[in-house]
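Participant: For the protein sequence lines, the chains are P and D, in the order given.
Using the numbering used here, read the first sequence as starting at 1 and increasing by one per residue.
Using the numbering used here, read the second sequence as starting at 1 and increasing by one per residue.
C-beta: ideal position from N, C-alpha, C; glycine also.
Computed from a predicted structure; not experimentally measured.
Quick one: structure below, then a few questions.
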Amino acid sequence: MYLARAEIVSNVWKIVAREGDQVGAGDVLAVLESMKMEIPLVAQVGGHVSKILVELGQIVQEGDPIVEIDETASA
Amino acid sequence: MSKLDHPVVTSATTPADQRTVLTQRRDSRFARVEPKGKRVYTARERAEMLVDEGSFVEMTPMRSAGAGAGSGVVSGWGTTDGHSVVVVSHDAAVASGAIGAVMAESIQKAQRFAIDKGYPIVYINDSGGARIHDGIFALHGCGGIFAHNIEAQSRIPQISLILGPCAGAAAYSPALTDWTIMVKEQGQMFLTGPDIVKAATGEDASAEDIGGWALHTKVSGVAHLAVDSEEDAFDATRLLLSFLPTHKGGAQKRHDSVPANPHAAAALPALVPEKSSIVFDMNKLLDGVLDNGARLELSPEHAPSILTLFARIDGHAVGVLANQPNARGGILDAKASVKAARFVEFCGRFDLPVLTFVDVPGFLPGTVEEGRGVITHGAKLLKAYVDTKSPKLTVVVRKSYGGAYIAMGSASLGADANWAWSNSEIAVMGPGGAVALLHRRALKEADDPTALRDELAAVYREEVARPYLAAEAGIVDDVILPEETRDRMVAALRMLTHGSGA
Chain P
1 MYLARAEIVS
11 NVWKIVAREG
21 DQVGAGDVLA
31 VLESMKMEIP
41 LVAQVGGHVS
51 KILVELGQIV
61 QEGDPIVEID
71 ETASA
Chain D
1 MSKLDHPVVT
11 SATTPADQRT
21 VLTQRRDSRF
31 ARVEPKGKRV
41 YTARERAEML
51 VDEGSFVEMT
61 PMRSAGAGAG
71 SGVVSGWGTT
81 DGHSVVVVSH
91 DAAVASGAIG
101 AVMAESIQKA
111 QRFAIDKGYP
121 IVYINDSGGA
131 RIHDGIFALH
141 GCGGIFAHNI
151 EAQSRIPQIS
161 LILGPCAGAA
171 AYSPALTDWT
181 IMVKEQGQMF
191 LTGPDIVKAA
201 TGEDASAEDI
211 GGWALHTKVS
221 GVAHLAVDSE
231 EDAFDATRLL
241 LSFLPTHKGG
251 AQKRHDSVPA
261 NPHAAAALPA
271 LVPEKSSIVF
281 DMNKLLDGVL
291 DNGARLELSP
301 EHAPSILTLF
311 ARIDGHAVGV
321 LANQPNARGG
331 ILDAKASVKA
341 ARFVEFCGRF
351 DLPVLTFVDV
361 PGFLPGTVEE
371 GRGVITHGAK
381 LLKAYVDTKS
391 PKLTVVVRKS
401 YGGAYIAMGS
411 ASLGADANWA
421 WSNSEIAVMG
431 PGGAVALLHR
441 RALKEADDPT
451 ALRDELAAVY
461 REEVARPYLA
471 AEAGIVDDVI
481 LPEETRDRMV
491 AALRMLTHGS
501 GA
């Protein structure tokens with residue numbers, strides 16, 4: 001399992017990926033808002049989005065997991 | 001009573017005998033000692049590979065710490081791209097490179113030579129640290145190496161390569177040098193190795209866990225570059241040296257001027273997104289301004305919201321500092337501040353011009369960053385700019401707010417020339433935050449607060465944040481178009497270096 005984590009303290013502004021989606025490395029999973037910047041959360045690996053761990057508007061700290069990706073399920 | 005009091009000459013030593021003796025001594029001293037572990041090359045081979053072919057000259061090659069052993073280090077000098085450099089290469093084949101009294105003396109002799117004669121020094125580190133058998137003599141010798149490292153900081157560039165497990169003194173000396181390059185999966189740096197860590201604290205960690213390249217080039221920032229092989233480490237060192245003068249006050253390296261990448265230059269006017277919240281890759285902007293040639297980015301994976309790199313503009317070697325919106329929004333935080341301050345301070349010490357490209361949303365506030373000491377570390381960046389007396393050129397390419405505006409090479413910190421792109425914003429805070437603060441009551445009472453906020457933000461942007469206010473006040477020298485940036489910087493640099501590049 002790969003966990004895409006917040007790189008900065010922020011609020012969850014957009015959730016792009018949905019559970020069950022197939023994503024590739026480099027795909028935008030969510031957009032975090034911090035310091036008035038729209039900071040894309042990018043998948044470092046490809047796979048199957050197995051769980052969204054946050055809700056819209058939720059405040060997350062640096063390092064918090066946002067999206068869980070099952071790498072073994074990569075097509 | 002010595003033999004000289006009653007000499008008995010049996011037979012005169014012939015010149016041929018002395019030739020044989022020297023040859024034998026050299027053969028035994030220069031015999032290839034097979035490297036251990038993952039190492040492929042001997043200490044001497046490493047030194048020879050670093051410098052121009054055939055240029056290595058060993059200092060005191062016969063120095064010995066005991067019968068049959070060398071001093072534990074191969075030191076000498078050679079050239080890289082024709083410029084002299086002093087090299088110190090730990091010999092891990094002798095007692096795992098442990099630093100004994102004789103080895104420490106040999107290293108200090110090379111350091112003294114480099115400092116006095118004004119040449120950069122490269123340390124090829126592969127040592128377990130102080131030699132236990134030598135006790136206080138080893139400690140005293142290691143301390144002497146550190147003292148020379150520190151003296152050298154104001155005189156000559158120092159580069160450390162980590163080509164094996166380096167503990168204790170062999171890790172501390174690099175920390176006192178300017179730039180450290182590690183070979184992946186081969187070089188480690190730690191206070192002490194896994195066995196002693198386990199005994200001391202109970203922590204069960206591998207050598208890579210406590211001192212590998214991933215830890216030091218991404219998390220700790222102790223090392224500044226990770227490469228795949230020893231050959232790559234030597235190439236990176238030669239590239240790094242190509243940007244640096246040989247010593248404080250020495251001639252700056254000049255190449256022929258090369259135009260910026262034509263595609264990147266053509267893309268420059270439309271590169272930066274109008275909306276200040278949208279990220280982009282600062283490297284593409286730099287491509288459109290700097291010479292289209294060699295560059296070396298340091299600490300690319302540590303605190304990536306700030307870029308620090310050596311490059312050229314108009315053929316002149318320069319240090320470039322730039323916010324990277326693509327990472328953490330381009331903010332300044334505690335780690336980015338330390339990284340940036342260290343880089344600017346280095347450029348100042350060796351008279352390298354500093355080019356600063358600004359697109360910064362601010363210093364990142366909050367519990368985590370305050371706990372990391374962002375105030376203290378941010379202050380280091382302010383100090384580094386003020387202390388740096390080499391030419392300082394700054395351009396704001398989109399937004400620059402608050403304390404981060406000041407910290408990013410502003411006029412107040414001594415920028416020799418500074419510009420702002422016509423679409424940029426400079427203010428105490430961004431429009432969103434400012435409007436929320438200034439019009440709190442009106443927004444609270446509004447029927448449609450979102451619409452009012454957008455309207456007020458637009459007014460704020462035009463009336464408060466546009467760079468014309470700064471230019472009319474003479475704080476920003478001029479408001480420019482993106483495509484004018486290179487010419488402005490080139491002209492300023494020619495003027496500030498007296499047209500000579502010196």
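1. Kindly list the residues whose CB is nearer than 7 Å to the CB of histidine 247/D, restricted to its own chain and excluding five residues on each side of it in sequence; keep chain order.
2. Is valine 31/P close to chain D? Criterion is C-beta to C-beta, closer than 7 Å.
3. Show which residues of chain D have a CB atom less than 7 Å away from the CB atom of valine 54/P.
4. Report the residue from Lys383/D, Ser390/D, Gln324/D and Lys392/D whose alpha carbon sits nearest the alpha carbon of valine 360/D.
5. Indicate whether leucine 309/D and arginine 295/D have their beta-carbon atoms separated by less than 7 Å.
6. Quick one: Cα of glycine 501/D to Cα of alanine 251/D, how far?
7. Distance check for proline 35/D and lysine 392/D, CA to CA, integer angstroms please.
8. Which of the three DSSP states is assigned to valine 227/D in this structure?
9. Under the DSSP definition of a beta bridge, which residues are partnered with leucine 298/D?
10. Going along the chain, which residues of the segment 352-375 of chain D sit with their C-beta nearer than 7 Å to a C-beta in chain P?
11. Just to make sure I have the definition right: I need the residues of chain D whose C-beta is within less than 8 Å of the C-beta of proline 40/P. Which are they?
12. With a Cβ-Cβ cutoff of 7 Å, do serine 299/D and alanine 327/D count as a contact?
13. Contact criterion: CB-CB distance below 7 Å. Does arginine 398/D meet it with respect to chain P?
14. Using only the alpha-carbon positions, how far apart do isoleucine 375/D and valine 338/D sit?
15. Could you name the residues of the segment 331-343 of chain D whose beta carbon sits closer than 9 Å to any beta carbon of chain P, in the order they occur along the chain?
16. Once the 5 residues before and after threonine 367/D are set aside, which same chain residues still bring their CB inside 6 Å of it?
17. Taking the alpha-carbon positions, what's the alanine 101/D to serine 75/D distance?
18. How about lysine 14/P: is its C-beta nearer than 7 Å to some C-beta of chain D?
19. Using a cut-off of 8 Å between C-beta atoms, extract the partners of isoleucine 59/P located in chain D.
20. Could you run through the segment 307-330 of chain D and flag, in chain order, every residue whose CB is less than 8 Å away from some CB of chain P?
21. How big is the Cα-Cα spacing for alanine 470/D and leucine 176/D?
22. Sort out for me which residues DSSP pairs phenylalanine 363/D with in a bridge.
23. Distance check for arginine 486/D and valine 395/D, CA to CA, integer angstroms please.
24. Please determine, among Met35/P, Met1/P and Gln22/P, the residue with the shortest C-alpha to C-alpha distance to valine 12/P.
25. Along the chain, where does the alpha helix (DSSP H) that runs through valine 459/D open and close?
26. From the DSSP output, in three-state form, read off asparagine 423/D for me.
27. In chain D, what lies closer than 8 Å to valine 28/P by C-beta?
28. Taking 7 Å as the CB-CB cut-off, is lysine 36/D touching chain P?
29. What separation, rounded to the nearest whole angstrom, lies between the Cα atoms of valine 45/P and tyrosine 401/D?
30. Along chain P, which residues have their Cβ under 8 Å away from the Cβ of glycine 288/D?
31. What in chain D is Cβ-close to valine 9/P, meaning under 7 Å?
32. Assuming alanine 226/D and glycine 168/D are in contact, meaning their beta carbons sit under 8 Å apart, how far apart are those beta carbons, in whole angstroms?
33. May I ask you to report which of helix, strand or coil DSSP gives glutamine 507/D?
34. Looking only at its own chain, which residues have a Cβ that is under 6 Å from the Cβ of aspartate 281/D, when we skip the five neighbours before and after it?
35. For the ligand MN, any of its heavy atoms closer than 6 Å to the Cβ of arginine 46/D?
36. Between which two residues does the beta strand (DSSP E) holding isoleucine 39/P run?
Facilitator: Answer, in terms of the structure:
1. Gly118, Tyr119, Arg155 and Ile156
2. no
3. Result: empty, since nearest Cβ-Cβ is about 18 Å, beyond 7 Å.
4. Gln324/D
5. In this structure, leucine 309/D sits near arginine 295/D, with a CB-CB distance shorter than 7 Å.
6. The pLDDT assigned to glycine 501/D is 45, lower than 50, so where the model puts this residue is not dependable; a value taken from the coordinates is nonetheless given after this. Whole-angstrom Cα-Cα distance: 8 Å.
7. 47 Å
8. strand
9. BP columns for leucine 298/D point to Thr308/D.
10. Pro361, Gly362, Leu364, Gly366 and Val368
11. Val279
12. no
13. no
14. 11 Å
15. Ile331 and Asp333
16. none
17. Their Cα atoms are separated by approximately 15 Å.
18. no
19. Under the 8 Å cutoff, chain D gives no residues; its nearest Cβ is about 10 Å from isoleucine 59/P.
20. Hits within the stretch, in order: Pro325, Ala327, Arg328, Gly329 and Gly330.
21. 40 Å
22. Under the DSSP definition of a beta bridge, phenylalanine 363/D partners with Leu332/D.
23. 10 Å
24. Distances from the CA of valine 12/P to each of Met35/P, Met1/P and Gln22/P were compared; the closest alpha carbon is that of Met35/P.
25. First-last of the alpha helix (DSSP H) with valine 459/D: 449-460.
26. Three-state DSSP puts asparagine 423/D in coil, outside helix and strand.
27. Correct list: empty, because the minimum Cβ distance to chain D is about 11 Å.
28. no
29. 35 Å
30. Ordered by position in chain P, no residue passes the 8 Å Cβ test against glycine 288/D, which lies about 22 Å from the chain.
31. Gly366 and Val368
32. About 21 Å; that fails the 8 Å criterion.
33. As displayed, chain D neither begins before 1 nor continues past 502, which places residue 507/D out of reach and without an answer.
34. Asn326
35. Inclusion of the ligand MN in the displayed structure is not the case, the ligand content being empty and no account of it being possible.
36. 37-42
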